[in-house]
Amino acid sequence: MKAYTESGMQVVLNDHAELNRGGEGRIILLQELPGMVAKIYFNKQQAITPQQLQALSVLNESVFVKPRALLFDKPGGNVLGFTMPLLPAGFEPLNALFSEPYCRKNGITYTRKLHIASQIAQAVAHAHNHGLIIGDLSALNILVNPQDEVKFIDVDSYETPVKPHSGTLLNEIRDYYFGGGVSRQSDYFALAVLIFQLLTYVHPYKGTHPQFNTLKDRMIQQLPLFAPDKQLVLPKCYQPVTDNALQKQFEAIFMYAARTPLQLHNLAQVTRQSAPVQTFQPVLMPKSALQIQTILQPAGNEFIEDLFCLSNRLLVTTNTRFVLYDMSRKGVAVLQAAYPRHIARRLFAGHNNIVAEKNNLLYLLLPDGNLQPVHNITLQAGYRFMQYNNLLAVVEDSLLKTIWLDNTNGNCLQSMQTPVFGPGITVANGAMWQNTGGKLFVFYPSGQFLSAAGCNFALHNLYMQQNIGIMLWKSGNANGETALQTAYFGIHNLQVRPLSNLPHHNGLVKKFALRQTDNHQGIIFEPADNQLLIRRTEDGAVLQQTDCTCLTDHDELHLTNAGLVCLTASGQLYLLNLNA
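In the working numbering, the protein residues as written are 162 to 741.
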């Protein structure tokens, strides 16, 4: 397919160069215009007009990823879409920062969050000062990179003097107390919701209430988490705002319906103190309860950055060392080895081998701590990766490299290269999926190989274990109401098929553990506030609930022969076992 700029320049809209797609259209990399992409609308009637393009030109392009030029189906013809800058790698949606484990692993402090919040508030004020209304001011439409730069996307949907807003926005930022419409005041409400989530890890109207069951109900009743209502049950991950001046602003907005912009200047640069860590020693509990043991409790300035589990091994990466455990025997995590971080940038654990990566080269880590070069594989700078059991998938610009970590032949590792359009592959924290040819595919391990299953959902996040996963996608209705939905899914006949909806966990993709049987059915172990939930994979139904005070919704579970490995949101590492 071809398109034309206003000057008559021809560009090719290659389906295989698709980067992403949403409800309105798809994003395609343009070979003829380096550093630029095209947004092509599904419905030409929704396409941006020249007048809207001009109205949006006043926005600061250092913050707003705004349309640059219109694209037509033929010179002087109908508008297909527009060009805009391609964002460099490293930007993630703001809602990634709503997770305490993510912030801890990436060193995102409370002070850094205040800086990010201030940039967001300034950007909203900038848009308003130029007569524009954002409308869908959601965490999916604001991106942040490791340098704390903020970018606003989906700019073509903004309300301007020449175009009203469509009214389509996420329910979690819709101002139901004032009817749910779009205005400057609704932007102020959405801004407050985002900043509250950024600082506390929880939506201001989350939690549970016996009378007011939904987020919408609690918005209308003005029942935020900090309301003096004893029937409100708060999520364990909630960290109250410590700055009194800011808290009073949140109270005015969420309890007393004030709709004014947040004032974030001159706030106290508080260093958030973590709650005291509860240490669990090996404990025997009554039948059906849990035995809990401490595997690793970082001390001083050490913190856990990442971990990877196989049935017989646990590899923990902290900011100071790599720690390897033998997980072969039930109930016992045996320390095997510890290596300083300077030996490699990353370690990958197979059942038998440990592979190190340093300066984009691979090495076998020998028992004596020395590195033996792998001769047949070099990785491209900026590569991304996902590990499935002992299979390592590496995404480069034009290749997908599959590496079998345990299959060696001398100084070589078994590997396979597949030509791909790398920028069209999303590598998230626990899964990998691809837009290609107008379709979406989810990668998963199938035997000793990597397979891809078709997916008919507009994915925003995903976590997988074998052929079972939990996904976050955006759904909508004819009234312009959109919501983030979560569901467990299985892969059957090369297609993603939901098992069960989890409306009470909107926006939260849990890191569950999976015990799978030979017939591809099995048991899901799901972390929850003060509970371990056990589900069956056939339909996601809960089979058992076990009390566990050390667990929260934001914890991470992995299954080994030794038991369930739990990395808590606060960064402690435990071994859990159900008593017989």
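For every residue, glycine included, the Cβ atom is placed at its ideal position computed from N, Cα and C.
DSSP assignment within the region 233-287 yields the following whole alpha helix (DSSP H) runs of 4 residues or more, N-terminal first: 261-266. A distance below 8 Å separates the beta carbons of residue 468 and residue 477.
For residue 496, the number of other beta carbons within 10 angstroms of its own is below 16, and it is reported as exposed. Distances from the CA of residue 184 to each of 705, 569, 634 were compared; the closest alpha carbon is that of 634.
Here the C-alpha atom of residue 559 lies approximately 42 Å from the C-alpha atom of residue 343.
Cβ-Cβ separation between residue 574 and residue 538: approximately 6 Å, consistent with a contact (criterion under 8 Å). Counting along the chain, the unbroken beta strand (DSSP E) around residue 548 starts and ends at 545-549. When only Cα atoms are considered, residue 423 and residue 307 end up about 24 Å apart. A contact is defined here as three or more CB-CB pairs under 8 Å, and the region 607-618 fails this definition with respect to the region 223-233. DSSP places residue 418 outside both helix and strand once states are collapsed to three, so it counts as coil. Unbroken beta strand (DSSP E) runs of no fewer than 3 residues, entirely contained in the region 530-591, are found at 532-539, 545-549, 552-556, 560-570, 573-580, 586-589, following chain order. Proximity to residue 251 across 720, 309, 204 peaks at 309, based on C-alpha coordinates. For residue 348, the uninterrupted alpha helix (DSSP H) segment begins and ends at 345-361. Judged by DSSP in its simplified three-state form, residue 212 adopts helix. Collapsing the DSSP output to three states places residue 316 in a helix. In the structure shown, the three-state DSSP call for residue 178 is helix.
When rounded, the separation of the alpha-carbon atoms in residue 169 and residue 197 is 17 Å.
Our two residues, residue 722 and residue 488, have alpha carbons roughly 6 Å apart in a direct line.
A direct Cα-to-Cα measurement between residue 622 and residue 603 gives close to 11 Å. Within its own chain, the residues whose Cβ lies closer than 6 Å to the Cβ of residue 394, once the five positions on either side in sequence are excluded, are 368, 369, listed in chain order.
Counting C-beta atoms within 10 angstroms of its own C-beta, residue 239 has fewer than 16 neighbours from the protein chains shown and is therefore classed as exposed. Closest in C-alpha terms to residue 454, from the list 653, 527, 733, comes 733.
DSSP places residue 593 within a strand segment (E or B) once states are collapsed to three. Between residue 165 and residue 235, the C-beta gap is smaller than 8 Å, which places the two residues in contact. Secondary structure of residue 205 (DSSP, three-state): helix. When DSSP states are grouped into helix, strand and coil, residue 189 belongs to the strand group. Distances from the CA of residue 332 to each of 373, 298, 684 were compared; the closest alpha carbon is that of 298.
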